[in-house]
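**Student:** Each residue of the sequence shown is one higher than the one before, counting from 697 in our numbering.
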Amino acid sequence: MAVSIETINALLQDVKDAAVLAKEIKAEARITIATWVSEVRGEERTQRFNDVYWQTETPITIIGEMCGLTVIEVKKFIQPHPSGVHCDGCGISLLASSREGRRDLQSYHKRGRRFSFPSLCADCKAIKNDNDRVATLARNETEDAATEKLKNMPYNDYLKTAHWKRVRTAALHRSSFRCQLCNRKRQLHVHHRTYERRGHEYYTDVIALCDECHAKYHDKEVSK
């Protein structure tokens, strides 16, 4: 298609005209909204503020400018609004205190559906937190009982437990399968430097040693 400079100029003029028209429409919209909100008082005015805020994308700063109010003053009119998300616990509609909060709730709800994170109201969240605390206490009691059992069982039996195998494997990986005294790659033993926390060892409680260094370690301990 042949394009002339006249065609281009005409298109650019259309763009300018459209920009001017858009500016005029924007100014008219501001006047209309300001008049609509300001012509009433009391609860009806509050409702109109909320209608403009929640049902349009007008920035809150612009709402304030149109009505001769600061952002803080406008926010005093804004009431919690249904977010479009319902509590996964009791089914009530979750309220948002701002448009940003509404977007966050909707975004979290979508992610939660993918990763099994529930969207909960304050009451259901409190119930969930209480249940989680009870489960944690029960789990800790079970872990404490298991730790006490590991601590008091015969040492040779302890060395056969799944817990010790995990501790031993982790120690070997940390040492890169080298003796931590002579740095040689040999058959390794994982030695307890202290038995104080047997059953819930810190990583510093054990050390990987070759046969020779392990024997030296025990000789040193016997000689004390």
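Positions of the beta carbon are idealized from the N, C-alpha and C atoms, including for glycine. Computed from a prediction, not measured in an experiment: that's the story for all the values here.
(1) DSSP state of H869, grouped into three classes?
(2) Could you give the first and the last residue of the continuous beta strand (DSSP E) run that contains C906?
(3) Output the residue ranges of the alpha helix (DSSP H) runs that lie fully inside the segment 768 to 817 and measure 4 residues or longer, sorted by chain position.
(4) Which class does A714 belong to by DSSP, given the choice of helix, strand or coil?
(5) Just grab the DSSP bridge partners of L884 for me.
(6) For T757, report the span of its alpha helix (DSSP H) as first-last.
(7) Let me make sure I understand the geometry here. Which of S794, L717 and E897 has the alpha-carbon closest to that of V748?
(8) Start and end of the alpha helix (DSSP H) containing G738?
(9) Mapping the DSSP letters down to three states, classify L707 as helix, strand or coil.
(10) Does the Cβ-Cβ distance between L846 and R894 come in under 8 Å?
(11) Take R726 as the anchor and find which of T752, R880 and G808 has the nearest alpha-carbon.
(12) Using only the alpha-carbon positions, how far apart do A911 and K861 sit?
(13) What would DSSP say about R829, mapped onto helix, strand or coil?
(14) Would you tell me roughly how many angstroms separate the C-alpha atoms of S871 and T857, rounded to the nearest one?
(15) With C-beta atoms as the reference, is H885 less than 8 Å away from D901?
(16) State buried or exposed for E897, treating a residue as buried only when at least 16 other CB atoms are found within 10 Å of its CB.
(17) As a quick exercise: from S812, G787 and H782, pick the residue whose alpha carbon is nearest that of L801.
(18) Give the straight-line distance between the Cα atoms of V863 and I903, rounded to the nearest whole angstrom.
**Tutor:** Working from what's here:
(1) Here residue 869 is taken as the residue at index 173 of the sequence shown, counted from 1. Per DSSP, reduced to three states, the secondary structure at H869 is helical.
(2) Residue numbering aside, residue 906 sits at position 210 when the sequence shown is read from its first letter. Its beta strand (DSSP E) spans residues V902 to C906.
(3) Runs found: 795 to 811.
(4) Translated into positions along the sequence shown, residue 714 becomes position 18. In the structure shown, A714 sits in a helix (DSSP, three-state: H, G or I).
(5) Here residue 884 refers to the residue found at position 188 when the sequence shown is read from its first residue. Partner(s): C906.
(6) As a working mapping, residue 757 is identified with position 61 in the sequence shown. Unbroken alpha helix (DSSP H) run through T757: I756 to C763.
(7) Walking along the sequence shown from the start, residue 748 turns up at place 52. Ranked by how close their Cα comes to the Cα of V748, the residues S794, L717 and E897 have S794 in first place.
(8) Position 42 of the sequence shown holds residue 738. G738 -> alpha helix (DSSP H) spans G738 to Q751.
(9) As a position in the sequence shown, residue 707 is number 11, starting the count at 1. The answer is helix: DSSP assigns L707 an H, G or I state.
(10) The residue labelled residue 846 in the question sits at position 150 within the sequence shown. The residue labelled residue 894 in the question sits at position 198 within the sequence shown. Their beta carbons are under 8 Å apart, which means L846 touches R894 by this criterion.
(11) Locating residue 726 in the sequence shown gives position 30, counting from the first residue. Here the closest residue by C-alpha is T752.
(12) Taking the first residue of the sequence shown as 1, we reach residue 911 at position 215. Taking the first residue of the sequence shown as 1, we reach residue 861 at position 165. Computed Cα separation, rounded: 21 Å.
(13) In the sequence shown, residue 829 corresponds to position 133, counting from 1. Correct three-state label for R829: helix.
(14) For this step, residue 871 is matched to residue 175 along the sequence shown. For this step, residue 857 is matched to residue 161 along the sequence shown. Answer to the nearest angstrom: the Cα atoms are 22 Å apart.
(15) One-based indexing of the sequence shown puts residue 885 at position 189. One-based indexing of the sequence shown puts residue 901 at position 205. Cβ atoms of H885 and D901: not closer than 8 Å.
(16) For the purposes of this step, residue 897 is identified with residue 201 of the sequence shown, where counting begins at 1. So E897 ends up on the buried side.
(17) For the purposes of this step, residue 801 is taken as the residue at position 105 of the sequence shown. If we check each option's Cα against that of L801, H782 comes out closest.
(18) Counting from 1 along the sequence shown, the entry for residue 863 is found at position 167. Counting from 1 along the sequence shown, the entry for residue 903 is found at position 207. Distance between the alpha carbons of V863 and I903 is about 10 Å.
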